[in-house]
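**Q** Below is a structure I'd like to ask you about.
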Amino acid sequence: MKPDAQILRITLGLAVLSVFFFIIERVIARNRQRPILRRGWFTDICFWFFTPLVTKVITRGAFILPALILIGLGITSADGLKSGAYHGFGPLSRQPLWAEIIEIYVLFDFFGYWSHRLFHRGRWWPFHAVHHSSEDLDWLSSVRVHPVNDFVSKVCQVTPFLLLGFKPIAAFSAAGFFTLYAIFLHANVSWDFGPLRYVIATPRFHRWHHSRDREAWDKNFAGLFVFWDLLFGTFYMPKDRVPENFGIPEEFPQDFVGQLVHPFARALRLPRRDALLRAPTPPSS
Numbered sequence: 001m002k003p004d005a006q007i008l009r010i011t012l013g014l015a016v017l018s019v020f021f022f023i024i025e026r027v028i029a030r031n032r033q034r035p036i037l038r039r040g041w042f043t044d045i046c047f048w049f050f051t052p053l054v055t056k057v058i059t060r061g062a063f064i065l066p067a068l069i070l071i072g073l074g075i076t077s078a079d080g081l082k083s084g085a086y087h088g089f090g091p092l093s094r095q096p097l098w099a100e101i102i103e104i105y106v107l108f109d110f111f112g113y114w115s116h117r118l119f120h121r122g123r124w125w126p127f128h129a130v131h132h133s134s135e136d137l138d139w140l141s142s143v144r145v146h147p148v149n150d151f152v153s154k155v156c157q158v159t160p161f162l163l164l165g166f167k168p169i170a171a172f173s174a175a176g177f178f179t180l181y182a183i184f185l186h187a188n189v190s191w192d193f194g195p196l197r198y199v200i201a202t203p204r205f206h207r208w209h210h211s212r213d214r215e216a217w218d219k220n221f222a223g224l225f226v227f228w229d230l231l232f233g234t235f236y237m238p239k240d241r242v243p244e245n246f247g248i249p250e251e252f253p254q255d256f257v258g259q260l261v262h263p264f265a266r267a268l269r270l271p272r273r274d275a276l277l278r279a280p281t282p283p284s285s
């Protein structure tokens, strides 16, 4: 696709989603207290264009390792991968497409859960801190993702599916769905879907993940199925209140260039947040 056509498509997507979430956040949910051009909006717009134009080119490298393994094992060829003639291998690829999609969505979220937890630790955190740096969380801030974060997450999620033999078309369908659902999870609404709050991730569930409140740190990692957090002890969603304070407990640049560059310097030393996680909770007054 030509650059001009791609920029036009990205701009149209931004316009459509802006109208859609304006209706959801300000009309249906009646959250009108925040100005439309809230803090950090320009940084998020930069990421909105940077991710498909630049990051997407980088993340294509996530397919190199599994592709080389498949070619090395003689399962397919480079031409087969390029032409789309490759349709998976083994018993998993012979399932009905609907069965593959269900399995892939569950596994995609499982691998996403653990790669997400990885980025909340050690030298990975500064790259993920970019995503958590928004203090006015809404649907647009969902695209604030560092290229390193995006690349490693793609490697962790794509590699298992291709090596297990799933059809590529089934695996790629999950990527598009999870991207759109992630945008919805960041919406400035307090919806929790009632009884389904313990099954499907909701905006209220995920907004607690972005909370600055200490008791919510490192909680609610799942992108779709809440049972991963319930199973591994990271579920947090109090019934009597909603998350209000967002951001990270450390200094971090809010401009676009700073958010791209700063994590590399921070990754060279132990992030302050790890020290905060180990520190005892101060007594309440």
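Under full-length UniProt numbering, residues 1 to 285 are what the sequence shown spells out, in order.
A virtual CB, placed ideally from N, CA and C, is assigned to each residue, including glycine.
Remember, it's a predicted structure, so these values are computed and weren't measured experimentally.
1. Kindly list the residues whose CB is nearer than 7 Å to the CB of A222, restricted to its own chain and excluding five residues on each side of it in sequence; keep chain order.
2. Mind checking which residues open and close the alpha helix (DSSP H) that includes H206?
3. Taking 8 Å as the threshold, find out whether the stretch 186-197 comes into contact with the stretch 14-29 through three or more Cβ pairs.
4. Cutting at 6 Å between CB atoms, please list the residues of its own chain near F127, excluding the five before and the five after it.
5. So if DSSP puts I200 in a beta bridge, which residue, or which two residues, is it bridged to?
6. Using a Cβ-Cβ cutoff of less than 6 Å, which residues in the same chain neighbour F225 once the five nearest sequence positions on both sides are dropped?
7. Counting only the same chain and skipping the five closest in sequence on each side, list residues whose C-beta sits under 7 Å from that of A78.
8. Going by alpha carbons, who is nearest to F177 out of Q259, F49, I104?
9. Can you look up F246 in the DSSP assignment and give me helix, strand or coil?
10. Can you give the beta carbon distance from S173 to I102, rounded, assuming they're within the 8 Å contact cut?
11. How big is the Cα-Cα spacing for H120 and R60?
12. Taking the alpha-carbon of E251 as reference, which of S83, E135, V242 has the nearest alpha-carbon?
13. L163 to I64, Cα distance in whole Å?
14. Does I23 pass the burial test, meaning 16 or more other C-beta atoms within 10 Å, or should it be called exposed?
15. Please name the residue, chosen from I183, W125, D4, that lies closest to D44 on a Cα-to-Cα basis.
16. Could you tell me whether the stretch 238-257 touches the stretch 206-222, where touching means 3 or more Cβ pairs closer than 8 Å?
**A** Concretely, from the data shown:
1. Looking up residue 222 in the sequence shown gives position 222. Excluding the 5 residues flanking it on each side, A222 has same chain C-beta neighbours closer than 7 Å at D109, Y113, A201, W228, D229, in chain order.
2. Here residue 206 refers to the residue found at position 206 of the sequence shown. The continuous alpha helix (DSSP H) containing H206 extends over residues 203-209.
3. The stretch 186-197 makes contact with the stretch 14-29; the number of CB pairs closer than 8 Å reaches 3 or more.
4. Working through the sequence shown from its first residue, we reach residue 127 at position 127. Cβ neighbours of F127 beyond the five flanking positions: H146, V148, N149, P263.
5. For this step, residue 200 is matched to residue 200 along the sequence shown. DSSP lists F225 as partners of I200.
6. Here residue 225 refers to the residue found at position 225 when the sequence shown is read from its first residue. Cβ neighbours of F225 beyond the five flanking positions: D109.
7. Start at 1 with the first residue of the sequence shown, and residue 78 comes out as number 78. Same-chain partners within the cutoff: I71.
8. As a first step, residue 177 must be located in the sequence shown, where it is residue number 177. Comparing Cα-Cα distances from F177 to each of Q259, F49, I104, the minimum goes to I104.
9. Locating residue 246 in the sequence shown gives position 246, counting from the first residue. The three-state reading of DSSP puts F246 in strand, counting E and B together.
10. In the sequence shown, residue 173 corresponds to position 173, counting from 1. In the sequence shown, residue 102 corresponds to position 102, counting from 1. About 11 Å; that fails the 8 Å criterion.
11. Position 120 of the sequence shown, counting from 1, holds the residue named residue 120. Position 60 of the sequence shown, counting from 1, holds the residue named residue 60. Roughly 24 Å separates the two Cα atoms.
12. Position 251 of the sequence shown holds residue 251. Checked all of S83, E135, V242; the closest Cα to E251 is E135.
13. Counted from its first residue, the sequence shown places residue 163 at position 163. Counted from its first residue, the sequence shown places residue 64 at position 64. Rounded to whole angstroms, L163 to I64 spans 12 Å at the Cα level.
14. In the sequence shown, counting from the first residue as 1, residue 23 sits at position 23. An exposed status is given to I23, since fewer than 16 other beta-carbon atoms sit within 10 Å of its beta-carbon.
15. Here the question's residue 44 lines up with position 44 in the sequence shown. For the residues I183, W125, D4, the minimum Cα distance to D44 belongs to I183.
16. A contact exists between the stretch 238-257 and the stretch 206-222.
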